[in-house]
Structures are given as C-alpha cells and as structure tokens.
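Respectively, the protein sequence lines represent chains S and P. As numbered in my numbering, residues 6 to 116 make up the first sequence, in order. As numbered in my numbering, residues 80 to 190 make up the second sequence, in order.
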Amino acid sequence: QKEVEQNSGPLSVPEGAIASLNCTYSDRGSQSFFWYRQYSGKSPELIMSIYSNGDKEDGRFTAQLNKASQYVSLLIRDSQPSDSATYLCAVRGAGSYQLTFGKGTKLSVIP
Amino acid sequence: DAGITQSPRHKVTETGTPVTLRCHQTENHRYMYWYRQDPGHGLRLIHYSYGVKDTDKGEVSDGYSVSRSKTEDFLLTLESATSSQTSVYFCASSNLNNEQFFGPGTRLTVL
C-alpha cells in the first residue's frame with residue numbers, strides 16, 4: 006500500500022512569514038511529485054510539480070525534493086492571508102499514471 | 080489549466096436509484112480519473128481511463144462503474160446509490176507530464 010503522509014495541521018503562520026509544509030512517501034520508486042492547493046469548497050489546484058532532487062522555485066513557492074529521505078516539502082515565502090487553504094501532496098509511483106494523495110495540511114495565515 | 084467541466088454540480092438522490100456523473104475535458108488528454116473526497120480520507124481514486132474504452136479500477140471502485148466512449152467524456156455511474164456514496168466527486172485529466180487538473184466537483188447527497 007503506497008502511502009503519502011502529511012501533518013494535518015492546522016499550521017498557523019503570521020502574514021509575511023515563511024510557511025513550511027512537509028510530506029513523506031513510502032514508495033521508494035516514486036517518480037513525480039506534486040503540490041496542490043485547495044480552498045474550502047473548491048477543487049484542488051496544481052501549484053508545483055517536481056521531478057528531480059533539489060529545489061524548484063516558482064514565484065513565492067519553492068518545492069524541495071529529497072528522494073533518498075523520501076521527503077518533499079513546499080515553502081511559501083511572504084505568506085499572505087490568501088494562501089490560507091489546505092495543501093495536498095501527491096506522488097506518482099514508478100510505472101504508474103495514478104497519483105496517491107496525502108490527506109492535506111491546513112494552512113492559516115494570520116494578518 | 081485544463082478545461083474540465085462536470086455535471087451536475089449538485090445532486091440529491093434517494094437510496095437505490097442509479098446516478099450518472101459526467102466529466103468533459105477539452106484538452107485532448109488521454110488519461111482521465113474519478114476521485115471522491117471525504118473528511119478524514121482525503122482524495123481517493125475510484126476509476127481511471129487510459130484511453131477510449133480503456134478503464135481500470137482504483138482504490139474504492141466497489142459500487143461504481145465508468146465508461147469512456149470519446150476522448151473528451153468520462154462518465155461515472157453509481158448503479159444503486161447508497162448513503163455511503165454521499166461525497167464530493169472530482170474528475171481530473173492529466174497531461175504528458177502526469178500533471179493532473181481537476182474539474183469543479185459534484186456534491187452528491189444520497190438520502
């Protein structure tokens with residue numbers, strides 16, 4: 006059973022701070038890693054994809070991947086109240102077109 | 080973003096009745112997916128399709144069937160709805176980078 010684990014939160018950070026969201030996965034052969042943002046009552050929205058070890062930056066978002074430790078993280082710099090949402094980590098296993106999703110971390114940015 | 084629509088957006092039905100949910104995408108994506116999302120369980124894959132008339136089961140397929148007669152359309156059918164199938168249903172399709180894009184969701188209530 007492939008598993009993706011996230012701290013459910015809530016994670017509260019003050020406006021302007023860095024929010025750090027973490028995810029671990031069990032399938033060592035996993036190939037692709039994704040972060041989705043989901044506002045309450047809305048559908049998941051893809052915000053970052055990462056496929057190789059290291060960091061990938063896109064605006065205020067940085068995804069970090071460490072395959073040896075089976076760990077992927079998302080940093081949100083200069084957090085804004087509009088970043089308040091649930092963040093889902095998703096992992097694609099080797100030879101699969103399916104994603105396994107974590108249950109999500111709820112982020113609250115306090116003005 | 081992929082152009083994905085779902086219909087209906089909301090539905091209330093009674094136990095034992097058949098229900099069909101429709102997903103339509105305009106991105107010519109080969110892969111399409113049906114998920115359900117429930118509190119405490121996160122997103123769980125019901126069925127997926129890897130081409131016209133090619134489908135396979137996901138993690139929670141019991142009580143559900145799917146059909147895909149055209150690239151752009153993926154139907155999910157609850158043969159005889161039960162209260163345990165009350166949920167929010169999301170359709171998704173994926174591009175060549177395995178990034179999945181979600182539709183707006185259908186909120187289904189089975190009384």
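Idealized CB from N, CA, C, for every residue including glycine.
key: Identified DSSP bridge partners for P/Lys90   = Per DSSP, P/Leu187.
task = Would you identify the three-state DSSP class for S/Ser17, choosing helix, strand or coil?
result = strand
ask   = Leaving out the 5 sequence neighbours to the left and right, which residues in its chain are closer than 7 Å to P/Gln116 when beta-carbon positions are compared?
value = Leu122, Ser166, Val167 and Phe169
task = Output yes or no for whether 8 Å exceeds the beta carbon distance between S/Ser48 and P/Gly130.
result = no
Candidates P/Glu138, P/Leu190, P/Gly142 and P/Ser162: closest to P/Tyr112 by CA position = For P/Tyr112, the nearest C-alpha among the options comes from P/Glu138.
ask   = For the beta strand (DSSP E) that S/Ala90 lies in, which residues bound it at each end?
value = S/Ala90 -> beta strand (DSSP E) spans Ala90 to Arg97.
C-beta contact flag for P/Val189 and P/Thr92 at 8 Å = yes
inquiry  = Just to make sure I have the definition right: I need the residues of chain S whose C-beta is within less than 9 Å of the C-beta of P/Gln104. Which are they?
reply    = None at all; the shortest Cβ gap to chain S is about 13 Å.
key: Under 9 Å from the C-beta of S/Phe38: neighbouring residues of chain P   = By Cβ distance, chain P contributes nothing, its closest Cβ being about 10 Å from S/Phe38, past 9 Å.
request  = Would you mind reading off the limits of the beta strand (DSSP E) that contains P/Leu154?
outcome  = Asp152 to Leu157
message = For a contact defined as C-beta to C-beta under 7 Å, what are the partners of P/Glu178 on chain S?
response = Phe39, Leu51 and Ser54
ask   = If you check the beta carbons only, do P/His103 and P/Asp133 fall under 8 Å apart?
value = no
inquiry  = Using 8 Å as the cut-off, can you tell me whether the stretch 105–112 of chain S makes contact with the stretch 145–162 of chain P, which would need three or more C-beta pairs spanning the two stretches below that distance?
reply    = No, the stretch 105–112 of chain S does not touch the stretch 145–162 of chain P.
inquiry  = Out of P/Gly184, P/Asn176 and P/Arg186, which one is the CA nearest neighbour of P/His108?
reply    = P/Asn176
6 Å Cβ shell around S/Lys61 - same chain, five flanking residues per side excluded = Ile55 and Ala68
task = Under 8 Å between beta-carbons, which chain P residues line up against S/Gln103? List them in chain order, please.
result = Tyr112, Leu124, Tyr127 and Gly137
ask   = By a C-beta neighbour count over all protein chains shown, 10 Å radius and 16 as the cutoff for buried, is S/Ser87 buried or exposed?
value = exposed
query = Once you ignore the five residues that flank S/Gln36 on each side, which residues in its own chain have a CB closer than 6 Å to its CB?
reply = Arg97 and Ala99
Contact with chain P by S/Lys111, beta-carbon distance below 8 Å = no
ask   = Would you report the Cα separation of S/Val18 and S/Asp83, rounded to the nearest angstrom?
value = 10 Å
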